[in-house]
Structure formats: C-alpha cells, structure tokens
Amino acid sequence: GIPSIMMADGPHGLRKQVGEPDHLGLQNSVPATCFPTAAALACSWDRELLQNIGQALGEECQAEGVSILLGPGVNIKRSPLCGRNFEYYSEDPYLSAELAISFVKGVQGQGVGASLKHFAANNQEHRRMTVDAIVDERALREIYLASFEE
C-alpha cells in the first residue's frame, strides 16, 4: 500500500500532537526544541544559522516520523499590525528569500519536506480565508512571490 505521510507545524519548533490530531493544534504535543522566531532570526542575516536550525528541525522530524514540516513562514510583513509577523522573516523580500532558502536546505537535507507558508499575499489575519488581496503584477512578482521562487 501507500505509506501515510505525517505533516506537523513547525516554523520555530516541531509541533507534533500527542494521540489523534485535532487539526486545530489544541492538544498537547511531543517535547521538542523551541527555536527563536523568524523575526528574531532575521535580525542576524545569518544563512548558516538558518540552515543549522532547519537541519535540527529535520532531525527532530525524522525522529518523530514526520514527513513534512509546515514551515518556514515566508510572507512579507506588509503591516505592523499583522498578528503573524513573528512567524515571518522581514518586510524585505530579498532577506526573506535568502533565509528561507537556507532553512529549507537544512530541513530537506534530512530527507524531510518543507512546506512554505502561507499563500502569497496572505498578509492579514482579519478574514484571511476570504479576503481579496488586490496586488498589481509587478508588486506581486517583486515583493510577494520572491520567497516562493527559489
């Protein structure tokens, strides 16, 4: 048969739920390393550090049977009011892309998939599942898609 695939949240640390997953993240999770947020790590501009963190997360995923890590978060910080800014690297598309590349190399170097999140131009929490993000093509390509290209 086809083997199952386990996905777990984890841009800052593996969040694999104990027991049956509730798909809301409300249940307890297995003990795991908690790394600094993307916002804090971006201040370092240190690609090697991000690759090492990705590698460590990949190793924890392997140990827990997780096939795909949901992270890193690569949205652009369009507004300081976004409730998820701590999950994202920067308002700078170049910096965000460079750090995400290193993080993903670290995770995937351990045989674990990395799933970038969230959808491009998903930069607000209020009605984020239904909002119509109006972005011209140039801004979309130069700012919002840069981290998804590599």
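Mapping of the sequence shown onto this note's numbering: position 43 corresponds to residue 45, and the numbering continues sequentially without gaps.
Think of the CB as a built atom: it goes at the ideal place given N, C-alpha and C, for glycine as much as any other residue.
Three-state secondary structure assigned by DSSP to residue i
i, result
"Gln64", "helix"
"Ala116", "strand"
"Ile136", "coil"
"Gly3", "coil"
"Tyr96", "helix"
Selected residue, minimal CA-CA separation from residue i, among the options
i, options, result
"Lys119", "Gln53, Phe37 and Leu71", "Leu71"
"Ala34", "Leu51, Cys45, Leu26 and Pro13", "Pro13"
Distance, residue j Cα to residue i Cα
i, j, result
"Leu83", "Pro23", "30 angstroms"
"Phe37", "Phe88", "12 angstroms"
"Trp154", "Gly27", "Beyond the ends of the chain as shown, which are 3 and 152, falls residue 154; an answer cannot be given."
"Gly56", "Ser92", "18 angstroms"
"Asn124", "Pro74", "14 angstroms"
Boundaries (first-last residue) of the beta strand (DSSP E) holding residue i
i, result
"Ala148", "No beta strand (DSSP E) holds Ala148; the alpha helix (DSSP H) holding it covers Ala148 to Glu151."
Count the C-beta pairs between the stretch 133 to 143 and the stretch 85 to 103 that are closer than 8 angstroms, then say yes if the count reaches three, no if not.
no
Could you tell me whether the stretch 105 to 118 touches the stretch 61 to 68, using the rule of 3 or more Cβ pairs below 8 angstroms?
yes
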